[in-house]
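Trainee: Pasting a structure here, questions to come.
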Amino acid sequence: MAVLVAALLAACGGQAVTPGGGMSTAASTWDEVLKKASEEGTVSLYSALLPEVNKELEARFEKAYPDIDLRITRIVGPEVSAKLDAELKSGSLGADIVNHVNYEWAKSKADEGLFAEPIGPNGAGPEWKDTPYLIDGVLQTSALTALGIAWNTEKVTDPPTTYEGLADPKFGNGQLGLVDNLAAPMADMYTWLEDTYGPGYLAKLAELKPKFYPSAVPLQEALLSGEISIALWGASSTVKPIKESGGPIDWLMPDPGWAPPNLGYMFKESKNPNAAQVLFDFMASKDGQEALAKDNLSVLKNVSGAVEAPKDLTLLDLTRATKPGWLDSAQSEWKQIFGR
Amino acid sequence: MKSISDARPGAPRQGAQPVEERRDETGAGNTGANRRRAWTRALRRHALPIAAIIVIGYLVLAPLVRLQLLALADGGAGYARGFGTADIARTITTTLLLGLGSLVIGLVFGAVLAWYSIQLPPRARWMATLPILPIVVPPVASMIGWGLLLAPNSGTINRFIRSLPFYSGGDTGPIDVFTVPWIVFLTALGLTSFVYVFLRAGLLRVNYELVEAGRTAGDRPLGVFFRILLPIVRPSLIYGGAVALLLGLGQFTAPLLLGTIKNVKVLTTEVYFFANAGLADYGAAAAVASPLLLAGFGIVALQRVLLGEEQRFVTDGGKTSRYSARRNPVAVIVIGLFSGTVALLPLLALIAASLSPFWTGQIDVSTWSLDNFRELWNTPSAVSAVETSLIASGASVLVSLPIGYVLADILHRRSYDTRIRAIIDILISLPLGVPAVVFGAGFLFTYTAPPFVLYGTPWVLVVVYVTLMLPFATRMQLAARMSLGDSYQEAARVSGAGPLRTHLQVVIPMIRGSLGGSAALIFVLLTHEFAASLLVRSTRTQVMGTTLYDLWLNVSYPLVAAMGLVMCLVTAAGVILAVRLGGSKALESL
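Okay, structure coming up:
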């Protein structure tokens, strides 16, 4: 009985796929796009960005485009790909734009032609188009998360200024917090650490018997409570507000440093294709980057509020991260080193 | 209403075949046509049970079968990937420890609590509901609370122990909640309430005149306990033990929240990580779930064999033989201590954290405020998660109870074919043997494709929830029907009431307490539901349990704590409502 009722309700409430969204990019001017976007009135973003960044983006976008309501759903972790697959399969796609770090999935869907190319003055402008920051013409490097070393100021008074300094016996016995190798960004960072500091570096970290956390925020909470003293994968944009309200925590960007991009992409079959173009364009603009790069790093130069980049900054290697099978083998090797 | 004298004497019991037809089947004149007629009659008589088998069978088996087909595809590639991880042996061992630990600790603690609960002095009899209180605290919230209390460096209890003058163990510990023994212990504590409920119900049905007879004959209390009491409550022990073992094996919350920090893995967390990997691997997830399914089915089958014919365990001697266990003031201390520790401690940690701007492990009342609750109130996704939980859980209760009632009725009626009743009984028990996270993966895979595409709607939650609650919805009502017996029903039928009227005006009012208790338990379990919801929820359909997990991953401990407390309040309100509707017997009937 429950199944019959549910089936009836599914038939009534199911959402049909609207192919193409009715956008004719060749003939439209940007003004027409803006006008249609206002008529659409809403745009949905699935975002892996940190909550403060999302709030800032929403505030600035809605100030610039008061007729468009930006709805942000925060999803972190690799489960976003499973969710998007399920939504696409069942015709219930809820996002117009996704901003995430699921590189393999995004690259494979880009190859299948699922994403729309930007046509706005910023998104398709010279700072993005035909640069490494707009991959395959559809994947935008919308944000670069400023990740570095974070520490509890009551337990550590003289923090190391490089990642190499973390491999110090004084951070042994569970004092060191590391992020779990659950997705491509973590896998790439650990590989970069090994490439930069030699093959024995990760083994030295493993000897310290670190504690593992699934993402930046649990790591930060463990630092605040004093459960760990120092952490790799601290995020500037979440540490700063807590530090300002008196929490015993601080952060620095090491040199050499590493940063992962968040990729932004628009679905061709989104429900609000014009509003999506407007948001995508905004994210590529100086105003948008000031929101996305607040306490983070930007691909554009001289963005106010952004963290100063180290002299030696490596971005996540997207070619390697999206190579089929690379993630699995990198994670297996890492698990062997850390006994996980 | 017709009078008794209007009833036809010797009227056959409902469902029984008339004598002449029975003779026809066994007599010398047994023809093919007679056999066909007999089959048709049997099929028509069993229309409802057969329909139940089809619907319940699809609900329970379709997701599992689809998952297994995935695991077996490409020559079993899912199995190769699922069991190919380097530490799979350790994962399986930890899973076994979790199950067996839950069984042993749950049975011991549950038995002690149940035994003392029937010895409570009359004025303290209300304390019998206290051991059930831990069920009201959501497992996600209580595990986070235990984490705040028992983390080796920063845990509040650890800090307190280290501050004691006679302690000399260094500046970490002594308790490390991120290790296997503590994860097993905390999981088992969480399941003790379930075992307590079943054991207490069993003890309450015992005829204490038998116990007194043993004492009078000269046996010592321990002898009476082991030689008379334990054998009589064997069904409750077996059922309670099976539930503890099954739920322990399928536990997900403690290993996920406390175990990943120091690499404590169990099969259910492997299922979750495979199903949520960058490119979801349902085949491997299904493969890794298989040992749990096999163990679950095995335990369900073993339980049926061990219980055998339940009638021989009925010793009910009427009302006067109940509640006659000797009063013991120690009972107050034991029950108060358990409930205070297990339910209250994590709650206190959550309250302290929820009022703080950030959690440093130390309590500083001067920083306390309601800001976190205000922030939750202003977070649309949190508010809508509470709404979705209430709607989905409420709808599931309203759907589960009638389904449970119908199924309990089918199982109770001896006029139905034994094999058909056995099939239904097994199908109903299966969800207990399947970890919720596996059902979640199965439902995600099944309901994102035809014939029933429910993904993205709240209805997929209702379907999952109803399936998960089948054992609880049915078993409790079946127990009530067995206690009630058939005499009231027969009296109503003989007096001329039709079947519908009998059920609506006689049976249902008489088992009102049990219905209220079932509604309360199902509502509690569903508002806390986390493992299956985590997988079938879409990005926009969130429930309280999954929101709590998201907050734990992405936001601060204080906000998580605030959300956890909101969940406790919502659950408590639902329980109070169900108990009000079910009458004072509702919680007893649990």
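From first to last, the protein sequence lines stand for chains A and B.
Per the working numbering, the very first residue in the first sequence carries number 21; after that it's consecutive.
Per the working numbering, the very first residue in the second sequence carries number 18; after that it's consecutive.
We put the CB at the ideal spot given by N, CA and C, even for glycine.
These numbers were taken from a predicted model, which means no experiment stands behind them.
Please report whether the beta-carbon of Tyr574 (chain B) lies at a distance below 8 Å from any beta-carbon of chain A.
Mentor: Yes, its Cβ sits closer than 8 Å to a Cβ of chain A.
Trainee: Pull up the CB-CB distance for Leu186 (chain A) and Leu252 (chain A), whole angstroms please, since I reckon it's below 8 Å.
Mentor: Rounded, the Cβ-Cβ distance is 6 Å, consistent with contact.
Trainee: So which residues on chain B does Pro330 (chain A) lean against when the C-beta distance must stay under 9 Å?
Mentor: The contacting residues do not exist; Pro330 (chain A) stays about 26 Å from chain B at best.
Trainee: State buried or exposed for Trp171 (chain A), treating a residue as buried only when at least 16 other CB atoms are found within 10 Å of its CB.
Mentor: buried
Trainee: Of the residues B:Ala131, B:Leu165, B:Val305, which one's Cα is nearest the Cα of Ala578 (chain B)?
Mentor: B:Leu165
Trainee: Tell me the rounded alpha-carbon separation between Thr435 (chain B) and Leu418 (chain B).
Mentor: Between the C-alpha atoms of Thr435 (chain B) and Leu418 (chain B) there is a straight-line separation of about 24 Å.
Trainee: Hey, is Ile250 (chain A)'s beta-carbon within less than 8 Å of any beta-carbon in chain B?
Mentor: no
Trainee: Would you report the Cα separation of Pro475 (chain B) and Ala412 (chain B), rounded to the nearest angstrom?
Mentor: 10 Å
Trainee: When the Cβ atoms of the region 266 to 273 of chain A are set against those of the region 203 to 223 of chain A, are three or more pairs found closer than 8 Å?
Mentor: no
Trainee: Grab the span of the beta strand (DSSP E) containing Thr111 (chain B) for me, first residue to last.
Mentor: Run containing Thr111 (chain B): none in the beta strand (DSSP E); it sits in the alpha helix (DSSP H), 105 to 134.
Trainee: Buried or exposed: which applies to Ile350 (chain B), given that a residue is buried once 16 or more other Cβ atoms fall within 10 Å of its Cβ?
Mentor: exposed
Trainee: Going along chain B in order, which residues have a C-beta closer than 7 Å to the C-beta of Leu244 (chain A)?
Mentor: Phe375, Trp376, Thr377
Trainee: Hey, Asn322 (chain A) and Val73 (chain A): beta-carbon distance below 8 Å or not?
Mentor: no
Trainee: Is there at least one Cβ from chain B nearer than 8 Å to Gly194 (chain A)'s Cβ?
Mentor: yes
Trainee: Between Leu198 (chain A) and the rest of its own chain, which residues show a CB-CB distance below 6 Å, the 5 nearest in sequence each way excluded?
Mentor: Apart from the 5 residues on each side of it in sequence, Leu198 (chain A) sits with its Cβ closer than 6 Å to the Cβ of Pro230, Phe232, Leu252 in its chain, given in chain order.
Trainee: Report the three-state DSSP secondary structure of Met273 (chain A) (helix, strand or coil).
Mentor: coil
Trainee: Does the CB of Ile262 (chain A) have a neighbour CB from chain C at under 8 Å?
Mentor: Reference to chain C is not applicable here, since the protein chains of this structure are A and B.
Trainee: In its own chain, which residues sit with a C-beta less than 7 Å from the C-beta of Arg61 (chain B), not counting the 5 before and 5 after it?
Mentor: none
Trainee: Using beta carbons (cut-off 8 Å, strictly below), is Thr465 (chain B) in contact with chain A?
Mentor: Chain A, which has a Cβ nearer than 8 Å to the Cβ of Thr465 (chain B), makes this yes.
Trainee: With DSSP collapsed to three states, give me the class of Gln379 (chain B).
Mentor: coil
Trainee: Specify the secondary structure class of Ala94 (chain B) as computed by DSSP and reduced to three states.
Mentor: Annotated three-state conformation of Ala94 (chain B) is helix, per DSSP.
Trainee: Give the DSSP-derived three-state secondary structure of Val470 (chain B) in the structure shown.
Mentor: DSSP places Val470 (chain B) in coil when its eight states are reduced to three.
Trainee: Let me see if you follow: with CB-CB separation under 8 Å, is Lys5 (chain A) close to chain B or not?
Mentor: A question about residue 5 (chain A) goes unanswered here, because the residues of chain A that appear run from 21 up to 360.
Trainee: Secondary structure at Ser410 (chain B), three-state DSSP: helix, strand or coil?
Mentor: helix
Trainee: Could you tell me whether the region 239 to 259 of chain B touches the region 188 to 197 of chain B, where touching means 3 or more Cβ pairs closer than 8 Å?
Mentor: Short answer: they don't touch.
Trainee: Assign Phe287 (chain A) to one of three DSSP states: helix, strand, or coil.
Mentor: The answer is strand: DSSP assigns Phe287 (chain A) an E or B state.
Trainee: Does the distance from the CB of Ala458 (chain B) to the CB of Leu552 (chain B) come in under 8 Å?
Mentor: yes
Trainee: So, with DSSP's three-state summary, where would you put Ala303 (chain B)?
Mentor: The three-state reading of DSSP puts Ala303 (chain B) in helix, counting H, G and I together.
Trainee: Is Pro205 (chain A) closer than 8 Å to Val327 (chain A) when the C-beta atoms are compared?
Mentor: no
Trainee: Leu117 (chain B) CB to nearest chain A CB: under 8 Å?
Mentor: no
Trainee: Taking the beta strand (DSSP E) that Thr62 (chain A) belongs to, which residues open and close that run?
Mentor: Unbroken beta strand (DSSP E) run through Thr62 (chain A): 62 to 67.
Trainee: Rounded to whole angstroms, how far is the Cβ of Gly378 (chain B) from the Cβ of Thr173 (chain B), which I believe are closer than 8 Å?
Mentor: 6 Å
Trainee: Got a sec: is the Cβ-Cβ distance from Tyr472 (chain B) to anything in chain A below 8 Å?
Mentor: yes
Trainee: Distance, Cα to Cα, Leu254 (chain B) vs Ala490 (chain B)?
Mentor: 20 Å
Trainee: Look at the alpha carbon of Glu99 (chain A) and the alpha carbon of Ala402 (chain B), and state the distance between them as a whole number of angstroms.
Mentor: 19 Å
Trainee: Going by DSSP in three states, Ile169 (chain A) sits in which element: helix, strand or coil?
Mentor: Ile169 (chain A): strand per DSSP, three-state reduction.
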